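Everything below concerns the one structure shown next.
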Ligand SMILES: Nc1ncnc2c1ncn2[C@@H]1O[C@H](COP(=O)(O)OP(=O)(O)OP(=O)(O)O)[C@@H](O)[C@H]1O
Ligand SMILES: [Mg+2]
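Chains as they are written, first to last, in this note's numbering: chain A, 67 to 310; chain B, 1010 to 1292.
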């Protein structure tokens, strides 16, 4: 238990020391998305009877919490290849699961911070949506799934350069295709089906439904829950692979 | 006296390269044991295996007679590690580095605070406790690295080249620190390629060369094996050294040689002579 606390507290302290810089950088890309796609395309644009901006905000939250969750891999790589702190963890009497859980929750914490930044910008822009428990559950599950994948990839890669490949080929496409900026439903079936397999599509759906005050989409919720378990297990199994 | 560390036939292969070819040794509790060897001899590999960072290809190891590979958590609780490459959290403060380490080793808040304060004062870093590590000098970082490993009061401390790349006066200061740690009852395994470091600090020294232990004894015995006095003779092929059981015989020989026109110096046999003798190479 203390092992988990140590790993998580370390991530919190790193966030704490960088907080002003971090909040500032979290606000850059959501602001750009809102300006470019929201205001730039015109206020009159609607998606399913709602202003496009209201459609866009939950999508940006989903994309951003995914990226920040997955972004824990960068911290782990720095700790492993540059600071070599990973060895300090390996030489400590802690279990793999406390290490993995500490890092995943580090990613989840970043995701929540970035979400709060977006919600603040949204409030300033005068956009009103529902931000209740289901909305935050969606953010949590989404961040948890991608932080697990972030930990897994950080354990499996052999160098920092490999990491860019994973990010460019998997994460970046998903940001654009996972129901974030346009509705997946509008696509022809051949494109819709593969996109429905992406975890981010379900996260966007869940987060957007909650923001609209609609009933909880149980299928997406269950899929994300299952992926969170699966992701955790995968991350757990990958830790031993990082040892030579 | 209990045996703190027992190593039996440790082998480590990296692909085709055999980094350790079956080394064995024992360290009684409270001893300061040095592994002395040139670059690539296998010193770090030995320490990484004993601290659970690397798995051995073959062989067994015990801390206080308990197998460390079948009880890794037990072994990690007993061991403290000062790695060769400094691995501190540069963005965190001195205090935070100690705090995280204490939590990793299951200490409660109260003992972390007491122990961290004691160690910071002991190492002269108390005034720096709230500074980020990246603002510390190399010598201060090394001291922090050592006291961090002492946070959880390890019974066996592994020091991998603790003074490499430091000023002579900082090195002496660290030697004092290490001696003090030993005085408190900690068993220490230290690696170095500084001969004088092993000679000054170690109760016993193992010469490690290309993954093999070629000699193991007290510094005194390793040296007297060769004699007491040495005569260096300058030759066109380099320095040639001859050994003598006592100073008188060395002087007689030196006299003879200098009358023949050679440049000679008489000195005490040192550990470097012993190392060269056993390995046939320079450190
Ligand atoms: N991860 C690794 N992969 C492949 N080979 C390795 C690895 N680590 C060490 N080696 C090799 O094993 C041998 C022993 O290395 P080791 O680091 O134990 O030496 P050392 O005695 O600590 O040397 P130094 O004084 O330079 O620190 C070297 O030949 C080294 O190249
Ligand atoms: Mg080494």
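All C-beta atoms in this analysis are idealised placements derived from N, C-alpha and C, irrespective of residue type, glycine included.
Everything numeric in this text was worked out from a predicted model, so none of it was measured.
- Interface with chain B (8 Å Cβ-Cβ cutoff): residue 159 of chain A is included.
- Judged by pairs of C-beta atoms under 8 Å, the stretch 1020-1040 of chain B does not touch the stretch 180-197 of chain A, as fewer than three such pairs exist.
- In chain order, 149, 150, 151, 153 and 154 make up the part of chain A whose C-beta sits under 7 Å from the C-beta of residue 1096 of chain B.
- In its own chain, leaving out the 5 sequence neighbours on each side, no residue places its CB closer than 6 Å to the CB of residue 1131 of chain B.
- Taken in chain order, the whole alpha helix (DSSP H) runs of length 4 or more contained in the stretch 1121-1170 of chain B are 1147-1159.
- Counting other Cβ atoms within 10 Å of its Cβ, residue 1098 of chain B reaches 16 or more and is therefore classed as buried.
- Between the alpha carbons of residue 306 of chain A and residue 98 of chain A lies a gap of roughly 40 Å.
- With a threshold of 16 other beta carbon atoms within 10 Å, residue 271 of chain A meets it and is buried.
- Shown here, residue 1017 of chain B sits in a strand according to DSSP, grouped into three states.
- Against chain B, the CB of residue 68 of chain A has a partner CB under 8 Å away; the residue lies at that interface.
- Residue 1110 of chain B is classed as buried because its beta carbon has at least 16 other beta carbons within 10 Å across all chains shown.
- In this structure, DSSP gives residue 195 of chain A a state outside helix and strand, which the three-state scheme calls coil.
- In terms of side-chain proximity, the C-beta atom of residue 1053 of chain B is found nearer than 7 Å to a non-hydrogen atom of ligand 2.
- In this structure, the C-beta of residue 1169 of chain B approaches ligand 2 to less than 7 Å from one of its heavy atoms.
- By the Cβ test, the stretch 169-188 of chain A is not in contact with the stretch 105-116 of chain A, since fewer than three Cβ pairs between them sit closer than 8 Å.
- A direct Cα-Cα distance of roughly 49 Å separates residue 1233 of chain B from residue 1101 of chain B.
- Shown here, residue 1083 of chain B sits in a helix according to DSSP, grouped into three states.
- The criterion of a C-beta distance shorter than 8 Å is satisfied by residue 1240 of chain B and residue 1262 of chain B.
- Note on residue 242 of chain A: under 16 other CB atoms within 10 angstroms of its CB, so exposed under the neighbour-count rule.
- Under the three-state reduction of DSSP output, residue 218 of chain A falls in the helix class.
- Look at residue 1050 of chain B: its beta carbon is less than 7 Å from one of the heavy atoms in ligand 1.
- For residue 1037 of chain B, the uninterrupted beta strand (DSSP E) run begins and ends at 1026-1037, by DSSP.
- Around the beta carbon of residue 302 of chain A, 16 or more other beta carbons lie within 10 angstroms, which makes this residue buried.
- Contact between residue 295 of chain A and residue 166 of chain A does not hold, since the beta-carbon distance rounds to 13 Å and is not under 8 Å.
- In this structure, the straight-line span from the alpha carbon of residue 83 of chain A to that of residue 309 of chain A is close to 29 Å.
- The stretch 1236-1271 of chain B contains, as complete beta strand (DSSP E) runs of 3+ residues, the segments 1238-1244 and 1247-1253 (chain order).
- Assignment of residue 1276 of chain B by DSSP, reduced to helix, strand and coil, places it in the strand class.
- The C-beta of residue 1109 of chain B comes closer than 8 Å to at least one C-beta of chain A.
- For residue 83 of chain A, at least one C-beta of chain B is nearer than 8 Å to its own C-beta.
- Non-local C-beta neighbours of residue 214 of chain A in its own chain, meaning closer than 6 Å and more than five positions away in sequence, comprise 170, 297, 298 and 301, ordered along the chain.
- With a threshold of 16 other beta carbon atoms within 10 Å, residue 1016 of chain B meets it and is buried.
- Close to residue 71 of chain A, with beta-carbon spacing below 8 Å, are these residues of chain B in chain order: 1112.
- Note on geometry: alpha-carbon atoms of residue 1041 of chain B and residue 126 of chain A lie some 59 Å from one another.
- In the structure shown, the three-state DSSP call for residue 172 of chain A is helix.
- Per the coordinates, the alpha-carbon of residue 207 of chain A lies some 47 Å from the alpha-carbon of residue 1195 of chain B.
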